[in-house]
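Protein chains in written order, with this note's numbering: chain A, 311 to 606; chain B, 87 to 302. Just so it is clear, CB atoms sit at the ideal spot from N, CA and C, and this is done for glycine as well. Just so it is clear, the structure is predicted and the values come from calculations on it, not from any experiment.
Here it is in structure tokens:
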């Protein structure tokens, strides 16, 4: 802290004698901000000065912001469009990126943009295509069919639980089941077990394959739907394990963990498919829904 | 007040009143003793002017500089009133459509989340400016809702459903285009796509509500 302070102090003293006019100008602007307060805030948009301020803030990433400010969370959203696309690709086709992509990039700079917006997109994709599937199921009947809006809330509950609770459990499991090997224990832990945020990030991106699959699930062919479930769960589960393998190897229950990661992934996929898209061959879907609601 | 030698300072100062020059006009005359009708009409005209700028998105200063939330409130209430379902037609297979409050909250929370996203990405735009733009850009979707509602008065067949789909997709594209035009420049170059995607998603969901609305 003391270092930074002196640095700033030196900088300022260096700066003001050279650009005397500029520092005075800042004063003028301060005066004007007070006088024309609403004009200034509204013209922020076209104005040059605030931009440079933002850039200066970004140049110093080490600043500690308060937990309750937007700036605190901005470090989790500091990604470029190309980076997000690359991470989505890495969650489906890991051979397209370098082998230690997770260790180098995602662990070093986990983002929450991808997980949050992929989850939200998946929720609404499932709700919309679930309705389309329902429409296709009822297309031949005489039933006056209507949309079911509240699929959104079921999908949201399921996905947000999955994205937050499973990584949390995995993080805890990794943290407490690490086997100390020959080296220094603390050092191994620090280098091996990924942080909670990077696990959230990894899990969020691993859901991205379900978005196209959710659209494909509208095709009402039973074996094709199951094929998609298997394919999606296997691909994204395998990629998850591929990235986490170095950390999982350290754990003494690594096989159980790998099994449960794959199991939960498969459970999620088949749960989606059965609840939102699938119709049993013999039973009328409306009676099934009524039965379950009556039981509840 | 200022150092006498600094000519540059004076120039800087002269710049700023010219920024507020357009608004200065309306501030000058006294609004205390004017008829209520005039006050009301002036505000209404300002709102109407903004709708016009959303429909023909050429210049972006009017929406960004003098934001208000009247237009979004009007549009949101209007859409929620038309889109709301009724429990009378709900049966076992469906829930009869969204409630008024659900649409209303969806619009406001959605706009707030999209704005929060652009703030988190580091966009230099104030919160209410962005909410204002997102709200006003609902206008094309509201228009498509009106057209769809008129179509719904006739007997339905698959061609008319297709027509409603096309109309609401036009509304969606128009709204996204306008909002991107107004808000796109506030983001740094590499993050524009990340800021535009949630806007697309937001308008897509609302357009989906418009297409799926079929309570006759």
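Simplified DSSP state of residue i, which is helix, strand or coil
{"i": "residue 693 of chain A", "result": "Residue 693 of chain A lies beyond the range of chain A shown here (311 to 606); nothing can be said about it."}
{"i": "residue 518 of chain A", "result": "helix"}
{"i": "residue 488 of chain A", "result": "strand"}
{"i": "residue 564 of chain A", "result": "helix"}
{"i": "residue 271 of chain B", "result": "helix"}
{"i": "residue 296 of chain B", "result": "helix"}
{"i": "residue 171 of chain B", "result": "coil"}
{"i": "residue 426 of chain A", "result": "helix"}
{"i": "residue 356 of chain A", "result": "Annotation note: pLDDT 42 at residue 356 of chain A (below 50); position unreliable, coordinate value reported separately. Coil at residue 356 of chain A, not helix or strand."}
{"i": "residue 184 of chain B", "result": "coil"}
{"i": "residue 384 of chain A", "result": "helix"}
{"i": "residue 540 of chain A", "result": "helix"}
{"i": "residue 415 of chain A", "result": "helix"}
{"i": "residue 124 of chain B", "result": "helix"}
{"i": "residue 578 of chain A", "result": "helix"}
{"i": "residue 215 of chain B", "result": "helix"}
{"i": "residue 129 of chain B", "result": "helix"}
{"i": "residue 526 of chain A", "result": "helix"}
{"i": "residue 208 of chain B", "result": "coil"}
{"i": "residue 396 of chain A", "result": "helix"}
{"i": "residue 376 of chain A", "result": "coil"}
{"i": "residue 462 of chain A", "result": "helix"}
{"i": "residue 535 of chain A", "result": "helix"}
{"i": "residue 192 of chain B", "result": "helix"}
Min CB distance residue i to chain B below 7 Å
{"i": "residue 621 of chain A", "result": "This structure does not reach residue 621 of chain A, given that chain A is present from 311 up to 606, and the question cannot be answered."}
{"i": "residue 380 of chain A", "result": "yes"}
{"i": "residue 447 of chain A", "result": "no"}
{"i": "residue 467 of chain A", "result": "no"}
{"i": "residue 383 of chain A", "result": "yes"}
{"i": "residue 390 of chain A", "result": "yes"}
{"i": "residue 538 of chain A", "result": "no"}
{"i": "residue 585 of chain A", "result": "no"}
{"i": "residue 473 of chain A", "result": "no"}
{"i": "residue 399 of chain A", "result": "no"}
{"i": "residue 351 of chain A", "result": "With a pLDDT of 42 at residue 351 of chain A, under the threshold of 50, the predicted position of this residue should be treated as unreliable, and no value is reported."}
{"i": "residue 563 of chain A", "result": "no"}
{"i": "residue 470 of chain A", "result": "no"}
{"i": "residue 552 of chain A", "result": "no"}
{"i": "residue 459 of chain A", "result": "yes"}
{"i": "residue 510 of chain A", "result": "no"}
{"i": "residue 377 of chain A", "result": "no"}
{"i": "residue 576 of chain A", "result": "no"}
{"i": "residue 488 of chain A", "result": "no"}
{"i": "residue 545 of chain A", "result": "no"}
7 Å Cβ cutoff, residue i in contact with chain A
{"i": "residue 291 of chain B", "result": "yes"}
{"i": "residue 207 of chain B", "result": "yes"}
{"i": "residue 294 of chain B", "result": "yes"}
{"i": "residue 251 of chain B", "result": "no"}
{"i": "residue 226 of chain B", "result": "no"}
{"i": "residue 143 of chain B", "result": "no"}
{"i": "residue 195 of chain B", "result": "no"}
{"i": "residue 280 of chain B", "result": "yes"}
{"i": "residue 276 of chain B", "result": "yes"}
{"i": "residue 39 of chain B", "result": "With chain B covering only 87 through 302, there is no way to say anything about residue 39 of chain B."}
{"i": "residue 121 of chain B", "result": "no"}
Cross-chain neighbours of residue i in chain D, by beta carbon under 7 Å
{"i": "residue 284 of chain B", "result": "The chain labelled as chain D is not found among the protein chains of the depicted structure, namely A and B."}
Inter-residue CB distance, residue i and residue j (contact presumed, cutoff 8 Å)
{"i": "residue 235 of chain B", "j": "residue 291 of chain B", "result": "With 8 Å as the limit, residue 235 of chain B and residue 291 of chain B do not qualify as a contact, their Cβ atoms being about 19 Å apart."}
{"i": "residue 396 of chain A", "j": "residue 407 of chain A", "result": "7 Å"}
{"i": "residue 488 of chain A", "j": "residue 561 of chain A", "result": "6 Å"}
{"i": "residue 305 of chain B", "j": "residue 434 of chain A", "result": "No answer is possible for residue 305 of chain B: the residues shown for chain B start at 87 and end at 302."}
{"i": "residue 527 of chain A", "j": "residue 439 of chain A", "result": "7 Å"}
{"i": "residue 446 of chain A", "j": "residue 535 of chain A", "result": "So it is not a contact: roughly 12 Å between Cβ atoms."}
{"i": "residue 480 of chain A", "j": "residue 509 of chain A", "result": "6 Å"}
Cβ-heavy atom distance, residue i to the ligand PLP, below 6 Å
{"i": "residue 245 of chain B", "result": "Absent from the structure shown: the ligand PLP. Ligands present: none."}
Task: Inter-stretch contact at 8 Å, needing at least 3 Cβ pairs: the segment 140-157 of chain B / the segment 273-282 of chain B - done: no
TODO: Specify whether the segment 237-252 of chain B and the segment 212-227 of chain B touch according to this definition: at least 3 beta carbon pairs, one from each stretch, less than 8 Å apart.
DONE: no
- [ ] Would you list, in chain order, the members of the segment 403-435 of chain A that have their beta-carbon closer than 9 Å to a beta-carbon of chain B?
- [x] 422, 423, 426, 427, 430, 431, 434
Task: Cβ pair count under 8 Å reaching 3, the segment 397-407 of chain A against the segment 513-522 of chain A - done: yes
Task: Three or more C-beta pairs below 8 Å linking the segment 189-202 of chain B and the segment 117-136 of chain B - done: no
Open item on the list: Within 8 Å, do at least three Cβ pairs link the segment 207-215 of chain B to the segment 372-388 of chain A?
Closed with: yes
TODO: Mind the definition here: the segment 455-472 of chain A touches the segment 434-445 of chain A only if three or more C-beta pairs lie below 8 Å; say whether that holds.
DONE: yes
Task: the segment 577-586 of chain A in contact with the segment 555-569 of chain A per 3-pair CB rule at 8 Å - done: no
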